[in-house]
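Since the structure comes first, as structure tokens, the remarks are kept for the end.
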Amino acid sequence: MPQVNGGAAGPSASSDVAAATASTKRNKPQYHAFTQQQLPACKPILSPHMVIPVLAFVGLVFIPIGLACIAASNKVVEVVYRYDTKCVPGNMLHNKVAYIQNASIDKTCTIVLKVPRDMKRPIFIYYQLDKFYQNHRRYTTSRSDMQLRDPKQAAAITEFCKPEAYAANGSPIVPCGLVAWSLFNDTYSFGRRRGRGGHAEALTVIKSGISWRSDRGHVFGNHVFPKNFQNSSLVGGGQLDPTKPLSEQEDLMVWMRTAALPRFRKLYGRVEADLGAGELLAVAVQNNYNSYSFAGKKAVVLSTTGLLGGRNAFLGRAYVVTGVACFALALLLTLLCLVFPMREEHLLLRGSHLGR
1 MPQVNGGAAG PSASSDVAAA TASTKRNKPQ YHAFTQQQLP ACKPILSPHM
51 VIPVLAFVGL VFIPIGLACI AASNKVVEVV YRYDTKCVPG NMLHNKVAYI
101 QNASIDKTCT IVLKVPRDMK RPIFIYYQLD KFYQNHRRYT TSRSDMQLRD
151 PKQAAAITEF CKPEAYAANG SPIVPCGLVA WSLFNDTYSF GRRRGRGGHA
201 EALTVIKSGI SWRSDRGHVF GNHVFPKNFQ NSSLVGGGQL DPTKPLSEQE
251 DLMVWMRTAA LPRFRKLYGR VEADLGAGEL LAVAVQNNYN SYSFAGKKAV
301 VLSTTGLLGG RNAFLGRAYV VTGVACFALA LLLTLLCLVF PMREEHLLLR
351 GSHLGR
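Residue numbers (the UniProt record's numbering): 1 to 356.
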């Protein structure tokens, strides 16, 4: 009886297998120790004889570095004065929002700062805000970087600039967005005097060079001018000079570099003068910024700088704590080795590993 499938399928099947084998061999990747994960590797056995010296060395290095950082931070002289409550009249303390929103009330107040130690030039002036969340996503995205950089893109406002995107007449706002709209607008002027009744000598606050060079040269355009800014019925913060390009308005540049934490400081200016210990500074504050709506706090800060910048002891303390922890672990492991010495099979295992 003739075969229906067997005879015809035999040679065909064998040829298909041969073709598949040839294809497999032809597509087989070239052998390499890297692709096969067969390269020699270091696999140390962490014995006490290795770990204890490493921990002691780390502690020996970290503790002096931390102490040096703390010493550098302590050399920085800093004066901080919170004025958001001090600059509100006593009869308006129960309704601070009404006070700050009333344009007929004079917002000028004078505070006196005492210099605790000698402060060498330059002395940097900062304003500090608390409970202001510049890191909120809706807030940080409410801007148009193309508009800030290119005058031809003045009308290129994305939907994220709303509600500060267009003026009442439909023309675009430059710069648009909530970040620019909420520009800080408190002002400070300083005078020095030797005693309580002494004559005050004015100190010049330099406002140039407080922003990043990259912001002046690349982020904010030389030919972009403010338009329709703070013209709506709800004014957010400071005003901008419409005759100056954005690349020259450094207060705006400093403000628009948003902070990561709800408490932050931003550079207001600097004073190129030396101040002696015990000197009194009369600071005339224009208390205009509405931090009372969100229960925020405002403070003025005067600070010198050190090798590591401003006053911040966290880095030094972190180094010291890490170094002390390493020393403590080294001591603990040493005591454990003395109380529970290594057995003979552990030593043989370590010796066989080192002999490879």
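A virtual CB, placed ideally from N, CA and C, is assigned to each residue, including glycine.
These numbers were taken from a predicted model, which means no experiment stands behind them.
| Item | Value |
| --- | --- |
| DSSP three-state assignment for Tyr81, whether helix, strand or coil | strand |
| Bounding residues of the beta strand (DSSP E) (the contiguous stretch that carries Leu113) | 108-114 |
| Distance CB(Asp118)-CB(Ala277) smaller than 9 angstroms | yes |
| Cβ pair Arg317, Pro122 closer than 9 angstroms | no |
| For Val77, the nearest candidate out of Asp274, Leu331, Phe314 (CA to CA) | Asp274 |
| Burial state of Gly177, where buried means 16 or more other Cβ atoms lie within 10 Å | buried |
| Glu164, buried or exposed, once every other Cβ within 10 Å from all chains shown has been counted against 16 | buried |
| Outcome for Asp251 when other beta-carbon atoms lying within 10 angstroms are tallied against a minimum of 16 | buried |
| Three-state secondary structure (DSSP) of Pro2 | Unreliable positioning characterises Pro2 in this predicted model, as indicated by a pLDDT of 46, which lies under 50. The coordinate reading is nonetheless provided below. Residue state, collapsed to three classes: coil. |
| Euclidean distance between Cα positions of Val235 and Cys161 | 16 angstroms |
| Per-residue DSSP class, three states only, for Gln37 | coil |
| Beta carbon of Pro175 nearer than 9 angstroms to that of Tyr166 | no |
| Three-state class that DSSP yields for Val271 in the structure shown | strand |
| Nearest-angstrom Cα separation, counted from Leu113 out to Lys86 | 13 angstroms |
| Cβ separation of Cys326 and Pro48, assumed to be a contact under 8 angstroms, to the nearest whole Å | Not a contact, Cβ separation roughly 14 angstroms. |
| Within the region 117-162, ranges of the beta strand (DSSP E) (whole runs, at least 3 residues) | 123-130 |
| Contact between the region 298-311 and the region 210-220 (3+ Cβ pairs under 8 angstroms) | no |
| Backbone CA spacing between Phe190 and Ala200 [nearest angstrom] | 9 angstroms |
| Separation of His94 from Leu129, as counted between CA atoms | 21 angstroms |
| Alpha-carbon to alpha-carbon, Ser291 and Gly237 | 10 angstroms |
| Backbone CA spacing between Tyr188 and Gln147 [nearest angstrom] | 30 angstroms |
| Whole-angstrom C-beta distance between Val97 and Ser293, which should lie under 8 angstroms | 6 angstroms |
| Sequence-distant residues of its chain with Cβ nearer than 7 angstroms to Tyr81 (five each side left out) | Ile111, Leu113, Ala299, Val300 |
| Cys337 in three-state terms, based on DSSP | helix |
| Per-residue DSSP class, three states only, for Tyr292 | coil |
| Reference Ile105; option with closest CA among Asn288, Ala330, Leu333 | Asn288 |
| Strand pairing of Thr187, partner residues [DSSP] | Gln286 |
| Range of the contiguous beta strand (DSSP E) that encloses Ala71 | Here Ala71 belongs to no beta strand (DSSP E); instead the alpha helix (DSSP H) covers 48-74. |
| Cβ neighbour criterion (16 or more within 10 Å) applied to Cys42 | exposed |
| Exposure label - Phe340; buried when at least 16 CB within 10 Å | exposed |
| Extent of the continuous alpha helix (DSSP H) run through Leu178 | 178-181 |
| Spatial distance of Glu279 from Pro116 (CA atoms) | 8 angstroms |
| Residues near Ile52 by beta carbon distance below 7 angstroms, same chain, minus five either side | Ala330, Leu333, Thr334 |
| Cα-Cα separation, Ala168 to Ser182 | 18 angstroms |
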